[in-house]
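One structure below.
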Amino acid sequence: MIRAKVMTGALPSRTGALHASRFGQEDPCDGCERPIDPGQVEYRFEWPESGSIQLHVGCAAIWQVERLHVRPLPSRDEEPPDPAA
Ligand SMILES: [Zn+2]
Numbered sequence: 010m011i012r013a014k015v016m017t018g019a020l021p022s023r024t025g026a027l028h029a030s031r032f033g034q035e036d037p038c039d040g041c042e043r044p045i046d047p048g049q050v051e052y053r054f055e056w057p058e059s060g061s062i063q064l065h066v067g068c069a070a071i072w073q074v075e076r077l078h079v080r081p082l083p084s085r086d087e088e089p090p091d092p093a094a
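Residue numbers for the sequence shown follow this note's numbering, so the first one is 10 and each next one is one higher.
Set out below in structure tokens:
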């Protein structure tokens, strides 16, 4: 599902700024469309021009891999900040 969304542009192929990582708010994940419950970590990415998405931490990892398949040679400038930093 996440790969299809990257292919169709429903999920961006460019990463955005990692805006927040926090516990879920029961909002639907933009990857798998299931709610991100308060026991799970939610990653939110933002783009100044096109808004934001929220993903389960696992879905965010899948998205990061899949978008590289769509754009195999991203510049280093597009790499997200280290969420552990
Ligand atoms: Zn998800």
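Just so it is clear, CB atoms sit at the ideal spot from N, CA and C, and this is done for glycine as well.
{"Query": "Length of the line joining the Cα atoms of G67 and I45", "Result": "11 Å"}
{"Query": "Heavy atom of ligand 1 within 8 Å of I45 beta-carbon", "Result": "yes"}
{"Query": "L27 and W72 closer than 9 Å at C-beta", "Result": "no"}
{"Query": "Three-state secondary structure assigned by DSSP to G33", "Result": "coil"}
{"Query": "8 Å contact criterion, which C41 and M10 should meet: CB distance rounded", "Result": "6 Å"}
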